[in-house]
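Here's the structure, in structure tokens; my notes come after.
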Amino acid sequence: MARIALDTVGDDDRRRIDYLTAMRKLWSTDVFGRLRAEFDALAEREGAPATLEEAGELVDRCPSYGWFGFLERGAQVLKWRVVNDVVERNWDALGDDLRPPHLSRAELDPDLELPAWYRDHDIHCQPGGVWGADASALVYEIGTQVLHVGRNRGLELHRRFTATFPGETYGRIVDMGSGFGKSTRPFKERYADADVIGIEFSGPCVRLAATRADDDGLEITFRQGDASATGLPDASTDVVTGTMVLHEMPPDVLRATFAETARILAPGGIVRFLEFTRTGDLFRDAVMEDHAWRQNEPFMPGLMEFDVERELAAVGLAGARWVPFDERTGAELPDGYPERAEWHLPWAVLEAHKPAAETVEEGAA
Numbered sequence: 004m005a006r007i008a009l010d011t012v013g014d015d016d017r018r019r020i021d022y023l024t025a026m027r028k029l030w031s032t033d034v035f036g037r038l039r040a041e042f043d044a045l046a047e048r049e050g051a052p053a054t055l056e057e058a059g060e061l062v063d064r065c066p067s068y069g070w071f072g073f074l075e076r077g078a079q080v081l082k083w084r085v086v087n088d089v090v091e092r093n094w095d096a097l098g099d100d101l102r103p104p105h106l107s108r109a110e111l112d113p114d115l116e117l118p119a120w121y122r123d124h125d126i127h128c129q130p131g132g133v134w135g136a137d138a139s140a141l142v143y144e145i146g147t148q149v150l151h152v153g154r155n156r157g158l159e160l161h162r163r164f165t166a167t168f169p170g171e172t173y174g175r176i177v178d179m180g181s182g183f184g185k186s187t188r189p190f191k192e193r194y195a196d197a198d199v200i201g202i203e204f205s206g207p208c209v210r211l212a213a214t215r216a217d218d219d220g221l222e223i224t225f226r227q228g229d230a231s232a233t234g235l236p237d238a239s240t241d242v243v244t245g246t247m248v249l250h251e252m253p254p255d256v257l258r259a260t261f262a263e264t265a266r267i268l269a270p271g272g273i274v275r276f277l278e279f280t281r282t283g284d285l286f287r288d289a290v291m292e293d294h295a296w297r298q299n300e301p302f303m304p305g306l307m308e309f310d311v312e313r314e315l316a317a318v319g320l321a322g323a324r325w326v327p328f329d330e331r332t333g334a335e336l337p338d339g340y341p342e343r344a345e346w347h348l349p350w351a352v353l354e355a356h357k358p359a360a361e362t363v364e365e366g367a368a
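In the working numbering, the protein residues as written are 4 to 368.
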């Protein structure tokens with residue numbers, strides 16, 4: 004397994020990261036549990052909310068909610084401050100992680116103009132975003148260890164998702180919004196003969212992704228570019244996928260990305276995005292709504308409201324649906340989310356397919 008930036012730093016810096024991880028764990032278990040108990044008590048006394056708006060109003064009245072929200076936002080801001088400092092102080096050792104790859108390819112586009120919707124928000128509260136400096140990708144890589152409370156240090160989550168794909172072989176797999184390659188590498192591990200391509204706006208992330216793939220002996224093309232305009236040929240791809248990317252797009256870009264997905268997919272090709280959706284638990288969904296604003300995720304609520312099934316059908320993709328996903332086991336949950344005591348992201352797979360050519364012809368006839 005490729006090393007990560009956290010492997011390079013000293014013990015003192017690792018302890019600082021461990022402290023942040025412990026803080027997030029406390030927030031997601033003890034503090035969340037107390038908030039849930041307060042909400043349930045209010046709902047029992049005053050009547051259960053019938054809508055998301057009513058649930059949000061009830062959550063706002065819970066005594067612990069101010070502390071819960073402050074701790075989430077404060078821990079996120081503190082995380083980036085600490086991680087930026089760790090990367091800066093260890094730059095001599097970490098800079099090699101952005102070296103030119105040998106097996107994999109980092110295709111950079113110095114003329115690519117990043118759109119305003121991408122530039123103007125420090126997504127996840129990371130100062131300067133994931134694209135602003137060479138160090139940004141390394142900062143982001145370490146930051147994700149805190150996000151997952153240390154449970155996704157390697158590729159565990161992404162391997163579980165990749166294991167749900169139905170095909171034994173694929174010719175080409177395109178990973179939209181591939182970041183530093185963590186979501187992409189498991190596809191090359193499982194489908195060694197496939198042409199695996201990652202599309203990512205951030206140049207620093209493209210460079211780090213290629214280096215990490217090299218470290219694992221994987222030949223992957225990481226291309227700096229736009230998921231809504233990949234430049235790939237029509238009907239050239241068997242799989243279009245992405246992890247935690249759709250919720251970072253405004254509605255018009257979502258539509259353009261779905262149209263691009265349909266264009267590059269070959270007949271019979273599949274779409275599988277690992278994302279977040281509503282759970283049906285009004286308490287969790289209300290807390291998640293506010294989570295988006297505390298984490299500088301301005302487009303996440305829009306995805307929750309977006310009629311993705313209708314939009315995918317509009318570009319010629321069939322069978323669109325959300326399937327809840329258990330990130331701990333990799334199990335798809337067609338019957339819905341189980342009860343869980345801790346706060347967790349509402350993982351779900353958005354799946355669809357492009358009808359095979361004969362199906363299209365039969366429908367036209």
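No residue lacks a Cβ here, since even glycine has one placed at the ideal position from N, Cα and C. Nothing here was measured: the structure is a model prediction, and the numbers come from that model.
Where residue i falls, given that 16 or more other Cβ within 10 Å makes a residue buried
i, result
"His250", "buried"
"Glu144", "buried"
"Leu141", "buried"
"Pro169", "exposed"
"Pro207", "buried"
"Thr244", "buried"
"Glu364", "Bear in mind that the predicted position of Glu364 carries a pLDDT of just 48, short of 50, making it unreliable; the figure below should be weighed with that in mind. With fewer than 16 other Cβ atoms within 10 Å, it is exposed."
"Ala367", "At Ala367 the pLDDT is 48, less than 50, meaning the model places this residue with poor confidence; the figure from the coordinates comes in the next sentence. Per the 10 Å Cβ criterion, exposed."
"Glu278", "buried"
"Arg188", "buried"
"Pro118", "exposed"
"Asp413", "Residue 413 lies beyond the residue range present for the chain, which begins at 4 and ends at 368; the question has no answer from this structure."
"Asp16", "buried"
"Glu49", "exposed"
"Gly157", "exposed"
"Gly182", "buried"
"Leu23", "buried"
"Arg95", "The residue asked about is misnamed: residue 95 is Asp in this sequence, not Arg. Counting Cβ neighbours within 10 Å, Asp95 comes out exposed, since fewer than 16 surround it."
"Glu342", "exposed"
"Asp14", "exposed"
"Arg39", "buried"
"Glu203", "buried"
"Gly234", "exposed"
"Ala44", "exposed"
Residue i vs residue j beta-carbon contact at 7 angstroms
i, j, result
"Ile200", "Thr172", "no"
"Pro270", "Ala360", "yes"
"Lys191", "Leu221", "yes"
"Arg175", "Asp196", "no"
"Val89", "Val12", "yes"
"Ala419", "Pro358", "What is shown of the chain runs 4 to 368, which leaves residue 419 out entirely."
"Val248", "Gly146", "no"
"Ala53", "Arg210", "no"
"Ile267", "Ser239", "yes"
"Leu55", "Leu306", "no"
"Ala58", "Ala289", "yes"
"Val318", "Ile273", "no"
"Gln227", "Asp137", "no"
is_contact[residue i, chain B] using C-beta, thresh 7 angstroms
i, result
"Pro270", "Structure shown: chain B not included; a single protein chain is present."
The ligand GDP heavy atom lying under 6 angstroms from the CB of residue i
i, result
"Arg48", "Only the bare structure without any ligand can be found here, which leaves the ligand GDP out of the picture."
Rounded distance between the beta-carbons of residue j and residue i, thought under 8 angstroms
i, j, result
"Ala351", "Thr280", "4 angstroms"
"His127", "Gln298", "6 angstroms"
"Glu41", "Cys65", "4 angstroms"
"Ser205", "Trp134", "4 angstroms"
"His120", "Pro253", "A small fix is needed here, since residue 120 is Trp in this sequence, not His. Right, their Cβ atoms sit about 5 angstroms apart."
Top-ranked residue by Cα proximity to residue i, from the options
i, options, result
"Leu106", "Gly131, Asp219, Leu115", "Asp219"
"Asp21", "Gly69, Gln148, Leu257", "Gln148"
"Asp338", "Gly234, Thr233, Ala316, Thr282", "Thr282"
"Lys82", "Arg122, Trp70, Gln129, Thr246", "Gln129"
"Arg313", "Asp329, Ala262, Asp293", "Ala262"
"Arg287", "Ala138, Trp325, Ala259, Val62", "Val62"
"Thr246", "Thr260, Phe276, Ala259", "Phe276"
"Glu159", "Asp329, Glu342, Tyr340", "Asp329"
"Ser139", "Leu115, Gly98, Asp178, Glu116", "Gly98"
"Val311", "Asp293, Thr264, Leu257, His294", "Leu257"
"Arg294", "Glu203, Gly72, Glu91", "Per the sequence shown, the amino acid found at residue 294 is His instead of Arg. That would be Gly72, whose Cα lies nearest to the Cα of His294."
"Asp10", "Asp43, Arg84, Asn93, Gly132", "Asn93"
"Glu292", "Leu115, Ala265, Arg18, Glu60", "Glu60"
So does the segment 33 to 49 actually touch the segment 332 to 349, counting three or more Cβ pairs closer than 8 angstroms? Taking 8 angstroms as the limit for Cβ pairs, the verdict is that the segment 332 to 349 does touch the segment 33 to 49.
Meets three-Cβ-pair contact criterion under 8 angstroms: the segment 72 to 90 and the segment 301 to 310: Cβ pair count under 8 angstroms is below three, so no.
With contact counted as at least three CB pairs below 8 angstroms, one residue from each stretch, are the segment 203 to 217 and the segment 97 to 113 in contact? The answer is yes - the segment 97 to 113 touches the segment 203 to 217, with three or more Cβ pairs under 8 angstroms.
May I ask you to verify whether the segment 21 to 28 touches the segment 76 to 95, counting CB pairs closer than 8 angstroms and requiring at least 3? yes
Would the segment 158 to 169 and the segment 321 to 337 be scored as touching if the rule is three or more Cβ pairs under 8 angstroms? Yes, the segment 158 to 169 touches the segment 321 to 337.
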